[in-house]
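**Q**
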Ligand code: CUA
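In this note's numbering, the protein residues as written are 23 to 406.
1) Determine the DSSP secondary structure at residue 91, reduced to helix, strand or coil.
2) Look at the Cβ atom of residue 319, then the Cβ atom of residue 397, and state whether they are nearer than 8 Å.
3) Looking at C-beta atoms only, is the number of pairs between the region 252 to 262 and the region 89 to 108 that lie closer than 8 Å three or more?
4) Suppose the cutoff is 6 Å on Cβ atoms and the five residues either side in sequence are ignored; what does the same chain contact list for residue 160 look like?
5) Just checking residue 232 against ligand 1 - is the residue's beta carbon closer than 7 Å to any of the ligand's heavy atoms?
6) Please go through the same chain and pick out, in chain order, the residues whose beta-carbon is closer than 6 Å to the beta-carbon of residue 163, but skip the five residues on each side of it.
7) Please report the distance separating the alpha-carbon of residue 340 from that of residue 168.
8) Helix, strand or coil, according to DSSP, for residue 333 in the structure here?
9) Alpha carbon to alpha carbon, how far is residue 73 from residue 135? Give it in angstroms, no decimals.
10) CB of residue 331 to nearest heavy atom of ligand 1: below 7 Å?
11) Would you call residue 440 buried or exposed, if buried means 16 or more other Cβ atoms sit within 10 Å of its Cβ?
12) Start and end of the beta strand (DSSP E) containing residue 342?
13) For residue 371, which three-state DSSP category applies?
14) Taking its Cβ as the centre, do 16 or more other Cβ atoms sit within 10 Å of residue 59, making it buried, or is it exposed?
15) Do you know offhand how far residue 404's Cα is from residue 137's?
16) In the DSSP assignment, the alpha helix (DSSP H) including residue 252 goes from what residue to what residue?
Given below as structure tokens:
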């Protein structure tokens, strides 16, 4: 065998260690990593994990070290007599029972402490958010502000968020690795989780319980914002209404179909009074006079039945609609619960062929043409 091959064979054992080191070094590039905690609850969980790893590593080194030492030091030669038998040696058996028990106790103490801490109800000025898992997207409601949104959870940095969670249809699992662990969500039963975001930024979350064929495309984002920015986001969300204003030519009365009627009435209810600090962004939204395609998009939104499942108002949003709230869909990073980047091209494709993008999703292919889809996109972009 050539020398090079022999060297490589001898260094084979290094490969898994190198792979592990590389994964650890790149942890930040993996959005679902649990190794880069960014919140208090995640840090508690991280500490328990590393405490366990520390003890496991110590046991590994000691046991494997003793094994390797014994293999070389006491290697048998042909003709050696039978070694002394130690079966039933009380001292040895007590030692190897007591040491693992002590190690398990060392792991159990921080673990149990963390479990109790995790199940505490946050005290003080926590922000309550109701989380509802749907096949296959996430609904987020802020009872304090009477706001509803979907797939993007905005939270203020430094304020504890108290999640009250449930599911609309089947069991899902809310998993937000950099802020908190996983917690299953069930229909007709409330589970809870809390976390406090440390740094502003966007973070990834994902459903972590198999919930149907598109379980893998049930992601969400958490947008952590400085408190002032979060407050202006709340104020701004309250101003979002059906755009353009009802003065457009859209024949709302003509689309009171059985499926859409109730929702249309809610959509066209008088808009919430503009909140202070949000006037700039409200002004920035183009009206029908600026873009006829926006007006066409609104008409299509009502006529094609979109309105039967989706609301375009976040404030006082109708409950029980089948589809995600789209009040700020124009500004979201992803569409289809983390399925596609929110570009015009992707949104057009999604509106035309939802069943191709995410087979099994409740949104049917509505027979929307390319031009119609583009008008719908122009309309939806004004909702941001
Ligand atoms: Cu929801 Cu998996």
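Backbone N, C-alpha and C define an ideal beta-carbon position, used for all residues, glycine too. Just so you know, these numbers come straight off a predicted model, no measurement behind them.
**A** Put simply:
1) Here residue 91 carries a helix assignment [DSSP, helix/strand/coil].
2) A distance below 8 Å separates the beta carbons of residue 319 and residue 397.
3) Verdict: no, contact absent.
4) Listed in chain order, the non-local C-beta contacts of residue 160 below 6 Å within the same chain comprise 173, 242, local neighbours out to five positions each way being set aside.
5) Yes, Cβ of residue 232 sits closer than 7 Å to a heavy atom of ligand 1.
6) Hits under 6 Å: 152, 170.
7) Going from the Cα of residue 340 to the Cα of residue 168 covers about 11 Å.
8) Looking at residue 333 - three-state DSSP - the assignment turns out to be coil, as it is neither helix nor strand.
9) Each residue's Cα considered, the two are about 13 Å apart.
10) For residue 331, the distance from the CB to the nearest heavy atom of ligand 1 is not below 7 Å.
11) Any question about residue 440 goes unanswered here, given that the chain covers just 23 to 406.
12) Annotation: residue 342 is outside any beta strand (DSSP E) and is labelled neither H nor E by DSSP.
13) It is helical.
14) Taking every protein chain shown into account, the CB of residue 59 has 16 or more other CB atoms within 10 angstroms, so this residue is buried.
15) Rounded to whole angstroms, residue 404 to residue 137 spans 45 Å at the Cα level.
16) Residue range 249 to 261 is occupied by the alpha helix (DSSP H) that includes residue 252.
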